[in-house]
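Working notes, structure below.
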Amino acid sequence: IRASAAPRRPPGSASGAGMSVLVTGAAGFVGTHCSLALRKRGDGVVGVDNFNAYYDPSLKKARAALLATHGVFVVEGDINDGRLLAKLFDVVPFTHVLHLAAQAGVRYAMENPASYVHSNVAGLVTLLEACKDADPQPAVVWASSSSVYGLNDKVPFSERDRTDRPASLYAATKKAGEEITHTYNHIYGLSVTGLRFFTVYGPWGRPDMAYFSFTRNILQGKPITVYRGKDHVDLARDFTYIDDVVKGCLASLDTAGRSTGTGGKKRGPAPYRIFNLGNTSPVTVPNLVAILEKHLRVKAKKNVVEMPGNGDVPFTHANISLAREQLGYKPTTNLDAGLKKFVKWYLSYYGYTRGGSKNLRQ
Ligand code: NAD
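So, in structure tokens, the structure goes:
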């Protein structure tokens, strides 16, 4: 762990200054991409992930194997394990924590509500306890979600808009996370940056997300279920390509500022920030399907049904002025170009040849 966490770049150099970063949820979709990007520019990274079975654990193992080839070791463990976290902080004086571990997805809350409390509330508190007790205290950058805007009908969503109407338990736990991190910021001097991601997609993505499961079903000749809002209005999402989100995460780490506490005591005010990381260009779900059909060269069998009211919101749309101003965040990949890259990865990862004659993993 020591070797892979040691930054290769000398401290004090531009952009990031030789960080040592603990990435939670490192074997997840966003965690893998961020860990690779940090490593690529010479920062030290240690990952932690519990490899849970919310979706295909073999995909998480494959991501971790990829990370290992780039010098990132992913410790198998749960963020609720305070002793493990204390040990990690003991071995490595992390300058930053990029906290991405969470129970994601809105619909799974119907099946397993406790998993959201376990990872997104209790796990978050355990992690923040370890951060506030660490000496030096790291700066914390963590993934909130656009879902905190809930049933807000004023678009685009800006960071100052109301977030008091969550539409799902997932959204409620992310909102709770914003309050909890804010508390650790003002009581213990932890530097905190919360990032509200907007429907992130791309290679190595999450199989539970629509663009991924649509691709799987279309290739297997199975029907896809397309939800429609009330009064036949199409749902729309501000799909954001993974490389753009990674740039936003790294810029957040670079500009996080220092925590001011040590060993659980605050020594002065520390930064607390929240940013939208979206694409500012919402696309309807039928348009998403049309783009996938184009890149897959297969027509989808569509089942269009009314949204069942189980946690989804009708639309998302980010105002990214604040992130643009303070982070230099500027998304550059549109959905067409991003899905082209995703489809290329999907066909290769699952062993498809063009025409779908071979499929080794499914
Ligand atoms: P992901 O599920 O691929 O990654 C999360 C990882 O955390 C998984 O590998 C999982 O095994 C791990 N994990 C979960 N609970 C854990 C625990 N208690 N201890 C240790 N590890 C645990 O999800 P992702 O898409 O990479 O999302 C990353 C973060 O971004 C999450 O916090 C998610 O809520 C947030 N987010 C994602 C999106 C998106 O569109 N992908 C949108 C908004 C917010």
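In our numbering, the protein residues as written are 9 to 370. In this text, a Cβ means the ideal position worked out from N, Cα and C, and glycines have one as well. A quick note: this is a predicted structure, and the numbers were derived from the prediction, not measured.
The beta carbons of Ala34 and Val100 sit no closer together than 9 Å.
Distances from the CB of Asn284 to the heavy atoms of the ligand NAD are all 8 Å or more. The alpha helix (DSSP H) runs lying completely inside the stretch 43–114 and spanning 4 residues or more are 65–76, 90–99, given in chain order. Between Leu285 and Arg245, the CB-CB gap reaches or exceeds 9 Å. Of all alpha-carbon atoms in Lys140, Asp242, Phe247, Thr270, the one lying nearest the alpha-carbon of His190 is that of Lys140.
Exposure of Gly271 is indicated by the presence of fewer than 16 other C-beta atoms within 10 angstroms of its C-beta. Per DSSP, Ser123 is one residue of the alpha helix (DSSP H) stretching across 121–124. Per the DSSP secondary-structure output, Ser28 pairs in a beta bridge with Gly52. The way I'd put it, the stretch 335–355 does touch the stretch 254–263; three or more beta-carbon pairs between them come closer than 8 Å.
Taking all protein chains in view, the Cβ of Gly317 is surrounded by fewer than 16 other Cβ atoms within 10 Å, so the residue is classified as exposed. For Asp161, the three-state secondary structure derived from DSSP is coil. Between Leu96 and Val31 a beta carbon distance of about 11 Å is seen, past the 8 Å cut, so the two are scored as non-contacting. Under the three-state reduction of DSSP, Tyr196 is assigned to helix.
By the Cβ neighbour-count rule, Gln111 is buried, with 16 or more other Cβ atoms within 10 Å of its own. Sorting Leu108, Asn327, Ala345 by C-alpha distance to the C-alpha of Trp150 places Leu108 at the top.
Looking at Val156, Leu136, Asn128, Arg47, the one whose alpha-carbon comes closest to that of Phe323 is Val156. A residue is called buried when at least 16 other Cβ atoms come within 10 angstroms of its Cβ; Met118 does not meet this threshold and is exposed.
Proximity of the stretch 294–311 to the stretch 225–242 meets the contact definition, three or more beta-carbon pairs being nearer than 8 Å. Three or more Cβ pairs drawn from the stretch 35–42 and the stretch 202–216 lie within less than 8 Å of each other, which places the two stretches in contact. According to DSSP, residue pairing for Lys307 in a beta bridge does not occur. In the DSSP assignment, Asn287 falls outside any alpha helix (DSSP H) and carries neither an H nor an E. For Phe222, the CB contacts under 8 Å within the same chain, skipping 5 residues up- and downstream, are Ile232, Leu296, Val297, Leu300, Ala308 in chain order.
Under the three-state reduction of DSSP output, Gly202 falls in the strand class. Looking at the DSSP output, Arg245 shares a beta bridge with Val291.
Excluding residues up to 5 positions away in sequence, Thr233, Val234, Tyr235, Arg236 lie with their Cβ nearer than 8 Å to the Cβ of Val313 in the same chain. DSSP places Val149 in the uninterrupted beta strand (DSSP E) bounded by 147–151.
At the C-beta level, Gly229 and Ile282 stay beyond 9 Å of one another. Sequence-distant partners of Phe102 (beyond 5 residues in either direction) whose C-beta falls short of 8 Å from its own C-beta, in its chain, are Ala13, Ser28, Val29, Leu30, Val54, Leu96, Ala142, Pro146. Contact between Ile188 and Leu132 holds: their C-beta atoms lie close to 6 Å from each other, under 8 Å. When beta bridges are read from the DSSP output, Ala326 appears opposite Phe165. Here the distance from the Cβ of Leu108 to the nearest heavy atom of the ligand NAD is below 8 Å.
Here Tyr337 carries a coil assignment [DSSP, helix/strand/coil]. For the ligand NAD, a non-hydrogen atom lies closer than 8 Å to the CB of Phe59.
Straight-line spacing of the CA atoms in Ser267 and Glu137 works out to 14 Å.
Rounded to whole angstroms, the Cβ separation of Pro164 and Thr288 is 6 Å, and the two are in contact under 8 Å. Relative to the ligand NAD, Ser221 has its C-beta separated by 8 Å or more from all heavy atoms.
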